[in-house]
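Heads up: the sequence shown begins at 202 in the numbering used here, then just goes up one per residue.
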Amino acid sequence: MSALGVSPPRSDADAKLRGEAVFGADLVRPGMLWAALARSPVAAGQIRAIDAGPALEIDGVLEVLTAVDVPDWRTGVIVSDCPFLAADYVAYEGEPIAIVVADNRTAAEAGASAVVPDIKPIEPISTPEQALAPGARLVHSAWNRYAVAGGVDIGRDGNVVAEVIHDPGDLDAAFVVADLVVEGTYRTPRQYQAHLEPKMALATFESGRYTIEVSHQYPFRLRDRVAQMLGVTPSAVRVIGHHIGGGFGAKLDVSLEAFAALLAQRYRRPIRMQHSALEERLVAPCRANALVSVRSAVRRDGTILATEVEIVSDSGAYANNGPSLSAIPMFVFGSIYRVGTARIQTRNVYTNTAPTGAYRGVNGPWLVFANERHMEAIADALGLDRREFRLSSLAQDGHLMRNGQPLEQVSILHEAFERVDELAPWRDIVSRNAEQRDIVSRNAEQRDIVSRNAEQRGGGDGLLRGVGMAAAIWLTNPMPGHATVKLNEDGTATVITSATENGSGAVATALRQIAAESLGLAADQVLVTMPDTDATGYDSGSQGSRTTHVVGRAIADASAEVRRQVLDRASQMLEAAPEDLVITDGVVTVAGVPAASLTLGQVAQAATWTQGPIAAGASYVTPTPPHDPMCATGMLIKGWPTPTYHLHQAEISVDPVTGRVTVERYVVCQEVGRAIHPDAIAGQIQGGVAQGLGFALSERVDLDHGRYVQRTFKEHGLPLAADVPKVEMIVMEHADPAGPYGAKGAAEPPVVPVAAAVANAVADAIGAPIDTLPITPEAVLDALERAR
202 MSALGVSPPR SDADAKLRGE AVFGADLVRP GMLWAALARS PVAAGQIRAI DAGPALEIDG
262 VLEVLTAVDV PDWRTGVIVS DCPFLAADYV AYEGEPIAIV VADNRTAAEA GASAVVPDIK
322 PIEPISTPEQ ALAPGARLVH SAWNRYAVAG GVDIGRDGNV VAEVIHDPGD LDAAFVVADL
382 VVEGTYRTPR QYQAHLEPKM ALATFESGRY TIEVSHQYPF RLRDRVAQML GVTPSAVRVI
442 GHHIGGGFGA KLDVSLEAFA ALLAQRYRRP IRMQHSALEE RLVAPCRANA LVSVRSAVRR
502 DGTILATEVE IVSDSGAYAN NGPSLSAIPM FVFGSIYRVG TARIQTRNVY TNTAPTGAYR
562 GVNGPWLVFA NERHMEAIAD ALGLDRREFR LSSLAQDGHL MRNGQPLEQV SILHEAFERV
622 DELAPWRDIV SRNAEQRDIV SRNAEQRDIV SRNAEQRGGG DGLLRGVGMA AAIWLTNPMP
682 GHATVKLNED GTATVITSAT ENGSGAVATA LRQIAAESLG LAADQVLVTM PDTDATGYDS
742 GSQGSRTTHV VGRAIADASA EVRRQVLDRA SQMLEAAPED LVITDGVVTV AGVPAASLTL
802 GQVAQAATWT QGPIAAGASY VTPTPPHDPM CATGMLIKGW PTPTYHLHQA EISVDPVTGR
862 VTVERYVVCQ EVGRAIHPDA IAGQIQGGVA QGLGFALSER VDLDHGRYVQ RTFKEHGLPL
922 AADVPKVEMI VMEHADPAGP YGAKGAAEPP VVPVAAAVAN AVADAIGAPI DTLPITPEAV
982 LDALERAR
């Protein structure tokens, strides 16, 4: 029986269900000290003094360190703009200004609260629009002295962290001859990852090396970033991973770890740090807020002649990953749809707010929201059916994206439209909704809509109903992955890798299944180690759906070599040619001669004591797709590797009295290459849709003069179970030749089209555009009023 395409239990299921799994937040070490950060209470200001006296009076507090006690250089992922501790200027509320060391957590946190900073407030640059206004104050006056990794030109200029420009130069003529010009502006807020386990770090120092135990999505980046911040070589830092209580991108970069490591060296004792719930929210690398302006030159037959896109995204106070992510619009606009000539400008800008960063589907949800809302606007302006307009505009196989990369399998998306229509016929839904809206409209004319109760409403329940769809293409993140597979002397196998289990099941299910399939084992006979940067080859972490595809490919290659060694040794023991041997259920057998057999354990033991243990390692890096390297300026991400194709369709109802939106039905058609563990894929689709619905309808991460307004989960507006429908799923399998048994990425894309599909459905229901998120009841009522 194949180990693929089935859904065996997760390797971590029992420990997590029983509460026995050790997460980073559970770690305790003998002799451990605690540390906590004192943080800026203002969004921008000049530090005049820091009074540590009140903190030092607290029983248990040992020391308070400020900027004069720590490294004084700046570091960063791409732009070295971030200080270890703020010395004379704070750039956002929550920026670290001091470290308090104590012999217990209570004292450390009380000490951090007791530090008294003397900061002269400065009016913050709160929004990207303010940052780009003529004569705006510079968020960083010394921005042009900050080093950029590799010295590359990313278009930095004042408050502009990075700029990507794709300009083919022949756009204006299309707008002159167009029958219609359609314009739209699309605004989206930040989104907080809302993972349950706060960030933490436990550091020790011994024999000149730092060891950091942590719950982290990317141990090797953490190793390198801590080394960068401390000014040591990466080999001086060891990172050991533990179970992760959620991350969704928030745990991809350094947080508390360098502070803990510095103190571990200073005190020669284990140092423990952990965010409070408020800290976690104040400094979370949220999904960036953004403003997207699009205008298109269109013929009356629906042909799009040209499209111009201007994007401004908020980097917050420091660059973080913003310069890389600024390339992503190049792969969203003009990818799956034929839009003629396209000019795209993306600017990522500094503001006096917490730095933004990675969140599942980085930039995708708001870019697809803008792209799909704009497609809807064009269809409405031309009086065309929205589904038929998309189909007529869909690209064909071989279509070139803006970077010159050919998309060889766009026909998968054509299939997705057909599959969704078979399950939820578009024309039937549109016709039914239109009839119901007519009834509601007639009743609204006869009596005051606000006074009608549920029993008096016409059209069944008096609700407005709409349907919307959104299509998208998404990448499978590349970057290096490595794994070693060894056959144990009892016939089981162990996979040694620093790939991290972030909740998707990629490590707990798929990687084990890939090794099991190659070695003729059951999945529960394959063990996978926890991450350890000293013991494994480089891995680029849990991000962008890369683990199954990239690390799985490394495991498949390593397992193939282990299998070769098994057959070579077994052929000597059974006196048969390797090609005549088969491995099934952990037993090597001569084909056609069942009695001539050996267990894998017997083969492993024999090999261990004669030629050495059976083991093999392999690495894999997804090749960069063919592209035009001169397609744009400032691009750090050049290609869109291993693309997958997606179509979402949402049916919603709107209460015209309260403005409440209810998602009645949600259909996802997702292409995954090969479904290694179908239940894990289903879980990721359901979870991604839930996060997308929160982004679309209810989650609030508002800023007021640079400071977050919502500071608790109670205020946040996360969707509850009752708010999320059961998602109907169509999983398409089109094997990727480079993937392990054909697998592509699956976990990240389900969140990407959700906001667009829901917004399109709401706009359909109320007969008015919805171009700003979240779609709160107040926003719906305002749109209805404007429509009237």
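We put the beta carbon where it would ideally sit given N, CA and C, even for glycine.
Rounded Cβ spacing between residue i and residue j (contact assumed at less than 8 Å)
{"i": "Phe534", "j": "Arg603", "result": "7 Å"}
{"i": "Ala375", "j": "Ala498", "result": "4 Å"}
{"i": "Ala700", "j": "Leu712", "result": "7 Å"}
{"i": "Ile537", "j": "Ala596", "result": "6 Å"}
{"i": "Asp380", "j": "Arg501", "result": "5 Å"}
{"i": "Lys400", "j": "Leu457", "result": "6 Å"}
{"i": "Asp880", "j": "Ser203", "result": "Going by Cβ atoms, the distance from Asp880 to Ser203 rounds to 16 Å, so no, they are not a contact pair."}
{"i": "Val301", "j": "Ala309", "result": "5 Å"}
{"i": "Thr547", "j": "Glu364", "result": "7 Å"}
{"i": "Arg866", "j": "Ala625", "result": "7 Å"}
{"i": "Ile613", "j": "Glu872", "result": "5 Å"}
Through-space distance from residue j to residue i, alpha-carbon basis
{"i": "Leu894", "j": "Glu934", "result": "26 Å"}
{"i": "Gly359", "j": "Pro524", "result": "14 Å"}
{"i": "Thr785", "j": "Val869", "result": "36 Å"}
{"i": "Trp841", "j": "Pro827", "result": "10 Å"}
{"i": "Gly246", "j": "Ala518", "result": "13 Å"}
{"i": "Met474", "j": "Arg410", "result": "19 Å"}
{"i": "Arg653", "j": "Asp662", "result": "Only weak support is given to the placement of Arg653: the predicted model assigns it a pLDDT of 42, under 50, and the value that follows is read from those uncertain coordinates. Computed Cα separation, rounded: 11 Å."}
{"i": "Asp515", "j": "Gln466", "result": "36 Å"}
{"i": "Asp213", "j": "Gly446", "result": "12 Å"}
{"i": "Arg587", "j": "Met670", "result": "9 Å"}
{"i": "Leu263", "j": "Ile853", "result": "58 Å"}
{"i": "Asp289", "j": "Arg249", "result": "7 Å"}
{"i": "Leu904", "j": "Asn490", "result": "10 Å"}
{"i": "Ile650", "j": "Asp629", "result": "Note that Ile650 scores 43 on pLDDT, short of 50, meaning its location in the model is unreliable; the coordinates nonetheless yield the value given after this. Distance between the alpha carbons of Ile650 and Asp629 is about 27 Å."}
{"i": "Gly918", "j": "Asn961", "result": "21 Å"}
{"i": "Gln610", "j": "Gly351", "result": "34 Å"}
{"i": "Thr734", "j": "Gly370", "result": "48 Å"}
{"i": "Cys832", "j": "Arg987", "result": "41 Å"}
{"i": "Asp725", "j": "Val788", "result": "15 Å"}
{"i": "Gly818", "j": "Ala805", "result": "17 Å"}
{"i": "Phe406", "j": "Ser436", "result": "13 Å"}
Helix, strand or coil at residue i [DSSP, three-state]
{"i": "Phe406", "result": "strand"}
{"i": "Ile366", "result": "strand"}
{"i": "Phe224", "result": "strand"}
{"i": "Gly888", "result": "helix"}
{"i": "His683", "result": "strand"}
{"i": "Ile441", "result": "strand"}
{"i": "Trp627", "result": "helix"}
{"i": "Thr307", "result": "helix"}
{"i": "Trp675", "result": "strand"}
{"i": "Asp905", "result": "strand"}
{"i": "Glu264", "result": "strand"}
{"i": "Met774", "result": "helix"}
{"i": "Asp637", "result": "For clarity, residue 637 is Gln in the given sequence; the question names Asp instead. Correct three-state label for Gln637: helix."}
Unbroken beta strand (DSSP E) run spanning residue i, endpoints
{"i": "Tyr419", "result": "Looking at the DSSP string, Tyr419 is not in any beta strand (DSSP E), and its letter there is neither H nor E."}
{"i": "Asp215", "result": "Premise fails: Asp215 lies in the alpha helix (DSSP H), Ala214 to Leu218, not in any beta strand (DSSP E)."}
{"i": "Lys321", "result": "Val317 to Pro322"}
{"i": "Glu509", "result": "Ile505 to Gly517"}
{"i": "Ala982", "result": "The amino acid at residue 982 is misidentified as Ala; the sequence shows Leu. Looking at the DSSP string, Leu982 is not in any beta strand (DSSP E); the run it does join, the alpha helix (DSSP H), is Pro978 to Ala988."}
{"i": "Ile697", "result": "Ala694 to Ile697"}
Segment limits, alpha helix (DSSP H) that includes residue i
{"i": "Arg482", "result": "Ala478 to Leu483"}
{"i": "Ser746", "result": "Here Ser746 belongs to no alpha helix (DSSP H), and DSSP marks it neither H nor E."}
{"i": "Ile715", "result": "Arg713 to Leu720"}
{"i": "Tyr551", "result": "No alpha helix (DSSP H) contains Tyr551, which is instead part of the beta strand (DSSP E) from Thr542 to Tyr551."}
{"i": "Val621", "result": "Ser612 to Leu624"}
{"i": "His575", "result": "Gly565 to Leu583"}
{"i": "Ala807", "result": "Leu801 to Thr811"}
{"i": "Asp373", "result": "Asp373 to Val378"}
Cross-strand partners of residue i (DSSP beta bridge)
{"i": "Glu929", "result": "Val868"}
{"i": "Gly667", "result": "Ile853"}
{"i": "Leu492", "result": "Arg388 and Val513"}
{"i": "Arg275", "result": "Pro284"}
Residue i CB to nearest heavy atom of the ligand SAM below 8 Å
{"i": "Val963", "result": "By its list of ligands, the structure shown contains no ligand whatsoever, and the ligand SAM lies outside what it can speak to."}
CB contact below 9 Å: residue i versus chain C
{"i": "Ile512", "result": "Looking at the structure shown, chain C is missing, and only one protein chain is on hand."}
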